[in-house]
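Novice: Please find one structure pasted underneath; my questions will follow.
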Amino acid sequence: MRNYADQANLHARIYAMKGRLLSLQDYAVMAREQRTFAPKSSSVQDLIDAKENLFREQIAPVIALVEAYDKYTPVFLAYLRQFETHNAKVLLAKAAGKDILEQWYDISPFASLDKSLLNKNLSMDDVTSLLTNTYLGADFKPSSSYRRMQMNLDISSARNIYNASSLISDQARKEFQEMILRRIAVQMVIRSYRLRVYYHWSEKDTRLYLEKINNRLNIHAESQIHSIDEDLNQHIETLRKSSGQEPSVIDIEQHLEQIYYLWLSSIFYRDFHSIYGVIAYLGLLLIQIKNLFRIIDGRRFGFSADAILSKIICK
476 MRNYADQANL
486 HARIYAMKGR
496 LLSLQDYAVM
506 AREQRTFAPK
516 SSSVQDLIDA
526 KENLFREQIA
536 PVIALVEAYD
546 KYTPVFLAYL
556 RQFETHNAKV
566 LLAKAAGKDI
576 LEQWYDISPF
586 ASLDKSLLNK
596 NLSMDDVTSL
606 LTNTYLGADF
616 KPSSSYRRMQ
626 MNLDISSARN
636 IYNASSLISD
646 QARKEFQEMI
656 LRRIAVQMVI
666 RSYRLRVYYH
676 WSEKDTRLYL
686 EKINNRLNIH
696 AESQIHSIDE
706 DLNQHIETLR
716 KSSGQEPSVI
726 DIEQHLEQIY
736 YLWLSSIFYR
746 DFHSIYGVIA
756 YLGLLLIQIK
766 NLFRIIDGRR
776 FGFSADAILS
786 KIICK
């Protein structure tokens, strides 16, 4: 059934779904419960199956809303397609002979790529041809470099969700773009920090790289990046003074994700009649899915409940 809800009805549904998101106390119970998300065995395939089943369970309410209110359909589709970008990356990595977990995000009936593709012996050219025939094709640029093709997929995914705003009303478009720019800025700051730490890039090279990505995306996230960068630098300085040590990349990423989570939580209730609540909920659900994956991984590797909880993004 299509277009069976109006805006107020859909917003009310989202508010109810937000109320069912997990709290820190819920995560604590899960982390301490030995049987929580316990795979049948410690095999890699059982781990993949556990995550795939969990994802489908978590995403089901969103899939049910995709066609509920036609004015928001582009938003929900763009959200789901972020996960399909991961599937495309898995196919690329497999074709390139990389050792990866073949975990698949099932977004049917809105998928352009089918999981059965994992069973085929695809070459890089085969995968490239597949991708150019999907919604990613307009932005995806084939390259001889596997790493560059992965980056092109990230850029295509970001531009796809940002461009979805052109299909919604003026005020909702402005609110949607504000929130997506914030997310893109967080991801770009994380990426730049990785480049400086892991690859020893200079500040100048990192800045030029970010400018190049901004130009490829054809968006302007400079002010958001500057704001997040300032917060990050203050956080790093505080950690240096308190511990005398340089924070790890993982610590930095967790800090930025936590700040983003708090920001999403703060704007959810900004205006019932705006799209803020819808986009905030989708962002919070993505964080919840990642948190549940952390519990699965923590259980598999024998981490303590406290160690697992320390990696949970929540308040």
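Numbered per my numbering, the sequence shown spans residues 476 to 790.
Backbone N, C-alpha and C define an ideal beta-carbon position, used for all residues, glycine too.
Here the structure is a predicted model, which is why all the values come from computation and not from measurement.
1) Could you please give the first and the last residue of the uninterrupted alpha helix (DSSP H) stretch that includes Val537?
2) Between the alpha carbons of Arg658 and Trp738, how many angstroms are there, rounded?
3) Beta-carbon within less than 8 Å of Lys564's beta-carbon, same chain only, minus the 5 sequence neighbours each way: which residues are those?
4) Whole angstroms is fine: what's the gap from Arg774's alpha carbon to Phe768's?
5) State yes or no: is the C-beta of Tyr756 within less than 7 Å of the C-beta of Lys493?
6) From the DSSP output, in three-state form, read off Pro549 for me.
7) Against chain B, does Tyr668 count as a neighbour if the rule is that its beta carbon must be under 7 Å from one of theirs?
8) From Ser583 to Ser717, what distance separates their C-alpha atoms?
9) Could you round the C-beta distance between Asn478 and Asp545 to whole angstroms and report it? I think they count as a contact, below 8 Å.
10) Among the residues of its own chain, which have a CB less than 6 Å from the CB of Lys786, if the five just before and after it don't count?
11) Within 10 angstroms of the Cβ of Ala525, are there 16 or more other Cβ atoms? Answer buried if so, exposed if not.
12) Would Phe747 be called buried (16 or more neighbouring beta carbons within 10 Å of its own) or exposed?
13) With the cut-off set at 7 Å, would you say Leu670 and Thr681 are in Cβ contact?
14) Which residue wins for smallest C-alpha separation from Glu732, given the options Glu721, Tyr744 and Cys789?
15) May I ask which residues mark the beginning and end of the alpha helix (DSSP H) holding Lys687?
16) For the segment 566-585 against the segment 521-538, are there 3 or more C-beta pairs whose distance is under 8 Å?
17) Inspect the beta-carbon positions of Leu496 and Gln729 and report whether they are closer than 7 Å.
18) Can you tell me whether Arg556 is buried or exposed, with buried defined as 16 or more other CB within 10 angstroms of its CB?
19) Just to confirm, is the Cβ distance from Leu760 to Ala506 under 7 Å?
20) Could you give the residue range of the alpha helix (DSSP H) that holds Glu738?
21) Are the CB atoms of Glu650 and Tyr554 within a distance shorter than 7 Å?
22) Within 10 angstroms of its Cβ, does His486 collect 16 or more other Cβ (buried), or is it exposed?
23) Spatial neighbours of Asp706 within its chain, please: C-beta separation below 7 Å, excluding the five flanking residues on both sides.
24) How is His695 classed by DSSP in three states: helix, strand or coil?
25) Work out the CA separation of Ile711 and Ile725 for me, nearest whole Å.
26) Mind checking which residues open and close the alpha helix (DSSP H) that includes Tyr673?
27) Check for me: the alpha helix (DSSP H) holding Ile493 runs from which residue to which?
28) Lys765 by DSSP, collapsed to three states: which one?
29) What are the start and end residues of the alpha helix (DSSP H) that includes Asp781?
Specialist: Short version:
1) For Val537, the enclosing alpha helix (DSSP H) has its first and last residue at Val519 to Leu540.
2) Going by the C-alpha atoms only, they are around 10 Å apart.
3) So the list reads Gln625 and Leu628, once near-sequence residues are dropped.
4) Rounded to whole angstroms, Arg774 to Phe768 spans 10 Å at the Cα level.
5) With contacts defined as CB atoms closer than 7 Å, Tyr756 and Lys493 qualify as a contacting pair.
6) In the structure shown, Pro549 adopts helical secondary structure according to DSSP, grouped into three states.
7) Structure shown: chain B not included; a single protein chain is present.
8) Cα to Cα, the separation comes out at about 48 Å.
9) Asn478 to Asp545, Cβ: 5 Å. Contact.
10) Closer than 6 Å at Cβ, skipping near neighbours: Arg769.
11) By the 10 Å Cβ count, Ala525 comes out buried.
12) Flag for Phe747 reads exposed.
13) Yes.
14) Nearest to Glu732 by alpha-carbon distance, out of Glu721, Tyr744 and Cys789, is Cys789.
15) Unbroken alpha helix (DSSP H) run through Lys687: Glu678 to Leu692.
16) Segments in contact, yes.
17) No, they are not a contact pair.
18) Burial call: buried.
19) No, the Cβ-Cβ distance between Leu760 and Ala506 is not below 7 Å.
20) The question names Glu, yet the displayed sequence has Trp at residue 738. First-last of the alpha helix (DSSP H) with Trp738: Val724 to Ile742.
21) Using a Cβ distance threshold of 7 Å, Tyr554 and Glu650 do not count as a contacting pair.
22) Counting Cβ neighbours within 10 Å, His486 comes out buried, since at least 16 surround it.
23) Within the same chain, Asp706 has close Cβ partners Ile734.
24) Assigned with DSSP and collapsed to three states, His695 falls in coil, not helix or strand.
25) Approximately 13 Å between the Cα atoms of the pair.
26) Boundaries of the alpha helix (DSSP H) around Tyr673: Asp645 to Tyr673.
27) A quick correction: the sequence has Lys, not Ile, at residue 493. Lys493 -> alpha helix (DSSP H) spans Gln482 to Gly494.
28) Residue state, collapsed to three classes: helix.
29) Its alpha helix (DSSP H) spans residues Ala780 to Leu784.
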